[in-house]
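Numbering (full-length UniProt numbering), first residue to last: 1 to 211.
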């Protein structure tokens, strides 16, 4: 029985840690890291083999860029989906330097003119496969399955633990005369049980709406 409990605690800790990592990755792909770092997903094979499909890249803005730098830039055709490509050349022009980018796996350079202000940052490192999680986590289904459901399970599990400990404490104290302080603790414990029951009903409603 103790071994099963240890195994359960291990998997609980594993799921909890994984949840924190996923939440952190999704959060930092939306907001900036300290130091002005940011995460972006690479969901195409245009930079293979240097950066594979489904990778996530960590970028940081630079004061200047050089040919050969791998950068994440605003896509002129789809501003909401930045592109991570290599700088092929920098051409000086009257309105400012024009950045020409190209994917390593592409035969031709990217279309459209890009200025230095269009560069979001230089790639500092890339991590394979994590981009799939980030992209899925930003969808409605991803938010439900990667964040809402795990968080709900963890909160319910903690409430269940509190409930069991409270019931055990109440049963022990009902066997003897209580001090005023202990009576107050019993009342608080009974309120905690009511909260747990309410939360249990709430979970059923959420599951019912999702199914």
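Where is the CB? At the ideal position from N, CA and C, for every residue including glycine.
Predicted model, so just to flag it, every value in this text is computed and none were measured.
Examine the ligand PLP and report whether any of its heavy atoms sits within less than 8 Å of the Cβ of residue 165.
For the ligand PLP, the structure offers nothing, since it holds no ligand at all.
If we count the other Cβ atoms within 10 Å of its Cβ and call it buried at 16 or more, is residue 155 buried or exposed?
Looking up residue 155 in the chain shown gives position 155. Result: exposed.
Using the Cβ count rule (16 or more neighbours within 10 Å means buried), how would you classify residue 21?
Counted from its first residue, the chain shown places residue 21 at position 21. It is exposed - the Cβ of residue 21 has fewer than 16 other Cβ atoms within 10 Å.
At what residues does the alpha helix (DSSP H) containing residue 86 begin and finish?
Here residue 86 refers to the residue found at position 86 of the chain shown. Counting along the chain, residue 86 falls outside any alpha helix (DSSP H), though it belongs to the beta strand (DSSP E) covering 83 to 91.
Note down, in chain order, each residue of its chain lying with its Cβ closer than 6 Å to the Cβ of residue 91, except the 5 sequence neighbours on either side.
Here residue 91 refers to the residue found at position 91 when the chain shown is read from its first residue. For residue 91, where only same-chain residues beyond five positions count, the Cβ hits under 6 Å are 98.
What residues in its chain sit with their C-beta under 8 Å from that of residue 128, if we drop five residues either side in the sequence?
The count along the chain shown starts at 1 and reaches residue 128 at position 128. Excluding positions up to five away in sequence, the list reads 52, 54, 55.
Report the residue ranges of all beta strand (DSSP E) runs contained in full by the stretch 111 to 163; include only those spanning at least 3 residues, in chain order.
119 to 127
Give the secondary structure of residue 74 by DSSP, where H, G and I count as helix, E and B as strand, and everything else as coil.
Mapped onto the chain shown, residue 74 falls at position 74. If DSSP states are grouped into helix, strand and coil, residue 74 belongs with coil.
Taking a contact to mean a Cβ-Cβ separation below 9 Å, would you say residue 214 touches residue 103 in this structure?
The structure shown does not extend to residue 214, since the chain spans only 1 to 211, so no value can be given for it.
What separation, rounded to the nearest whole angstrom, lies between the Cα atoms of residue 100 and residue 28?
Looking up residue 100 in the chain shown gives position 100. Looking up residue 28 in the chain shown gives position 28. Rounded to the nearest angstrom, the two C-alpha atoms are 28 Å apart.
Please go through the same chain and pick out, in chain order, the residues whose beta-carbon is closer than 8 Å to the beta-carbon of residue 143, but skip the five residues on each side of it.
Looking up residue 143 in the chain shown gives position 143. Within the same chain, residue 143 has close Cβ partners 137.
Please classify residue 133: is it buried, with 16 or more other beta-carbons within 10 angstroms of its beta-carbon, or exposed?
Within the chain shown, the letter at position 133 stands for residue 133. Classification for residue 133: buried.
Tell me the rounded alpha-carbon separation between residue 147 and residue 95.
Here residue 147 refers to the residue found at position 147 when the chain shown is read from its first residue. Here residue 95 refers to the residue found at position 95 when the chain shown is read from its first residue. Each residue's Cα considered, the two are about 46 Å apart.
Name the DSSP beta bridge partners of residue 57, please?
The sequence position of residue 57 within the chain shown is 57, counting from 1. Residue 57 has 40, 126 as its beta-bridge partners, per DSSP.
Would residue 135 and residue 57 qualify as a contact pair, given that the criterion is a beta-carbon distance under 9 Å?
For the purposes of this step, residue 135 is taken as residue 135 along the chain shown, with counting starting at 1. For the purposes of this step, residue 57 is taken as residue 57 along the chain shown, with counting starting at 1. No. Outside cutoff.
DSSP three-state call for residue 51: helix, strand or coil?
Here residue 51 refers to the residue found at position 51 when the chain shown is read from its first residue. Correct three-state label for residue 51: coil.
Near residue 16, what residues of its chain come up, given a Cβ to Cβ distance below 8 Å and the 5 sequence neighbours on each side ignored?
In the chain shown, counting from the first residue as 1, residue 16 sits at position 16. Cβ within range, chain order: 154.
My assumption, with CB atoms under 8 Å, is that residue 36 sits in contact with residue 74. Please give the rounded CB distance.
Translated into positions along the chain shown, residue 36 becomes position 36. Translated into positions along the chain shown, residue 74 becomes position 74. Going by Cβ atoms, the distance from residue 36 to residue 74 rounds to 17 Å, so no, they are not a contact pair.
Could you give the distance in angstroms between the alpha-carbon of residue 72 and the alpha-carbon of residue 10?
Within the chain shown, the letter at position 72 stands for residue 72. Within the chain shown, the letter at position 10 stands for residue 10. Residue 72 and residue 10: Cα-Cα distance of roughly 39 Å.
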